[in-house]
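**Q**
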Amino acid sequence: MGKIYLVGSGPGDPGLITVKGIEILRKSDVVIYDKLIPKEILSYCKGDAELIYYGKGIGDASLQDKINELLVRKAKEKEIVTRLKGGDPYVFGRGEEECVYAAEHGIECEVIPGITSAIAVPAYAGIPVTSRWFSSGFTVITGTRAEGSPINLDYVPKKGTLIILMGVERIDEIRKELLKVRSGDVPVAIIENGTTKSQRVFISTLDRLHITAKDNDIRPPAIILVGEVIELRNKLWKIS
Ligand code: SAH
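Counting in UniProt numbering, the sequence shown runs from 1 upward without gaps.
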C-alpha cells in the first residue's frame with residue numbers, strides 16, 4: 001500500500017512552493033495536479049513519474065468523487081502518490097475530503113501546506129493583510145456557494161480586511177451583499193493572476209466594484225480584497 005501526499009503548490013510564482021513540497025515531488029511515482037498550480041514545478045518530478053491533470057472548474061463539483069477514487073486506486077498500485085493543489089490544500093482546496101477518503105480506505109495521507117493565494121496574492125500586489133495602522137485582523141471567505149447568496153454575511157466582518165476567493169463570477173451579487181455591512185467608499189482591490197507575470201491589479205471602491213471588474217474584463221483566478229490596508233499599496237514592494 002502506498003502513501004498519499006497532499007502538497008500545496010503555492011499561489012502561482014513557481015518559487016513559492018516549499019522545500020518539502022519539492023522533495024516530495026522529486027520522489028513521487030504519480031502526481032495528480034490541479035488547474036491552478038504553476039506548471040513549471042512539474043519539472044521537479046522524476047522522468048518516469050505519471051503526471052495526471054485533474055482540475056475542477058466551477059460547477060464540476062461531482063469530479064471530486066472521481067479524484068478521491070483515483071487517488072486511492074493509484075496509492076494501491078504505486079508507492080508515492082502526490083495530489084498537487086494550488087495555494088494551500090486546506091484553503092478552499094477540498095484537501096480534507098481527499099485525506100478523509102484515503103483514511104477510510106486505510107491509506108496514509110500527509111499534508112504539506114502551501115502558501116495560500118489569500119495572503120500571497122495581496123502581498124505581491126503591495127497589500128499587507130494586516131497592519132497596526134489599518135487592520136487588526138483578516139477574514140478569508142468563498143464567493144461561491146452552491147445555494148442562495150454567493151457569500152454568507154455571517155462571515156463578513158464589520159471592520160478589517162476581507163479577502164474573497166472564487167468571487168469573480170458573481171461580483172454584482174457579492175457587492176450588493178457587502179454593502180449591507182460595509183460602506184460604499186471602503187477601498188477594494190481586484191487582483192487577477194496574482195504572483196505571476198500576468199498579474200493585474202485594480203483599485204476601486206465597494207460602490208464601483210462591479211464597474212471596475214467589468215471595465216477591465218476580470219477573469220478567474222482573481223481575489224477581491226476589501227479594506228483600508230489597500231492604502232499601503234505603492235509604499236510596499238510589488239510586481240510592476
Ligand atoms: N487552495 C487555494 C485556493 C483554491 S480556490 C489557495 O490556498 O490559494 C481558487 C481561488 O483562489 C480562485 O478562484 C481565486 O480566487 C484564488 N486564487 C488562486 N490563485 C490565484 C492567483 N494566482 N491570483 C488570484 N487569485 C488566485
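Glycine residues also receive a C-beta, built at the ideal position from the N, C-alpha and C atoms.
I'd like to know whether the C-beta atoms of G143 and I203 end up nearer to each other than 8 Å.
**A** No, they are not a contact pair.
**Q** Of the choices V168, G167 and T139, whose alpha-carbon is the least far from that of D154?
**A** D154 has its Cα closest to that of T139, out of V168, G167 and T139.
**Q** Assuming G194 contacts G12 (C-beta within less than 8 Å), just tell me the rounded distance between them.
**A** At roughly 6 Å, the Cβ-Cβ gap stays under 8 Å, so G194 and G12 are in contact.
**Q** Would the beta-carbon of P150 fall within 8 Å of that of I174?
**A** Contact flag set, yes.
**Q** For the beta strand (DSSP E) that contains P187, what are its first and last residues?
**A** Run containing P187: P187 to E192, per the beta strand (DSSP E) assignment.
**Q** Let me check you understand the geometry: is the CB of K85 closer than 7 Å to at least one non-hydrogen atom of the ligand SAH?
**A** Yes; taking the cut-off as 7 Å, the Cβ of K85 has a heavy atom of the ligand SAH nearer than that.
**Q** For the ligand SAH, I want to know if N193 counts as a neighbour, meaning its beta carbon is within less than 7 Å of at least one of the ligand's heavy atoms.
**A** Yes, Cβ of N193 sits closer than 7 Å to a heavy atom of the ligand SAH.
**Q** What's the gap between the Cα of Y124 and the Cα of L162?
**A** Cα-Cα distance, rounded: 17 Å.
**Q** So does D88 have its beta carbon nearer than 7 Å to some heavy atom of the ligand SAH?
**A** D88: yes, Cβ under 7 Å from the ligand SAH.
**Q** Would the beta-carbon of V129 fall within 8 Å of that of I119?
**A** Yes. Within cutoff.
**Q** Hey, out of R26, V7, T205 and I17, whose CA is closest to Y33's CA?
**A** Answer by Cα proximity: V7.
**Q** Measure the C-alpha to C-alpha separation of K158 and A103 and round it to an integer number of angstroms.
**A** Approximately 39 Å between the Cα atoms of the pair.
**Q** In whole angstroms, what separates the C-alpha of L232 from that of L71?
**A** Each residue's alpha carbon lies about 43 Å from the other.
**Q** Does the ligand SAH have even one heavy atom less than 7 Å from the beta-carbon of I223?
**A** Under cutoff, so the answer is yes.
**Q** Please report the straight-line C-alpha distance between D48 and G10, rounded to a whole angstrom.
**A** Straight-line Cα distance between these residues: approximately 24 Å.
**Q** Are the beta-carbon atoms of S131 and V229 separated by less than 8 Å?
**A** Yes.
**Q** For the structure I just gave you, are there three or more beta carbon pairs, one from the segment 24–43 and one from the segment 83–99, closer than 8 Å?
**A** As far as the Cβ criterion goes, the segment 24–43 touches the segment 83–99, which means the pair count is three or higher.
**Q** Is Y90 helix, strand or coil by DSSP?
**A** Reduced to three states, the DSSP call for Y90 is coil.
**Q** What residue range does the beta strand (DSSP E) around K85 cover?
**A** Here the beta strand (DSSP E) through K85 covers I80 to K85.
**Q** Round the Cβ separation of I80 and K3 to the nearest angstrom and send it over; I've been treating them as touching at under 8 Å.
**A** Right, the Cβ-Cβ distance comes to about 6 Å (below 8 Å), so this counts as a contact.
**Q** For a test of your reading of the model: does the CB of P150 fall under 7 Å from any non-hydrogen atom of the ligand MN? Yes or no.
**A** Absent from the structure shown: the ligand MN. Ligands present: the ligand SAH.
**Q** One question on the structure: do L51 and I41 come within less than 8 Å of each other, judged by their Cβ atoms?
**A** Contact: no.
**Q** Taking the beta strand (DSSP E) that R26 belongs to, which residues open and close that run?
**A** Counting along the chain, R26 falls outside any beta strand (DSSP E), though it belongs to the alpha helix (DSSP H) covering V19 to K27.
**Q** Considering only residues of the same chain and omitting the five flanking positions on each side of V156, which have a CB-CB separation below 8 Å?
**A** Answer for V156: T139, I141, L162, E177, L178, V181 and R182, listed in chain order.
**Q** Buried or exposed: A213, going by 16 or more other Cβ atoms within 10 Å of its Cβ?
**A** Per the 10 Å Cβ criterion, buried.
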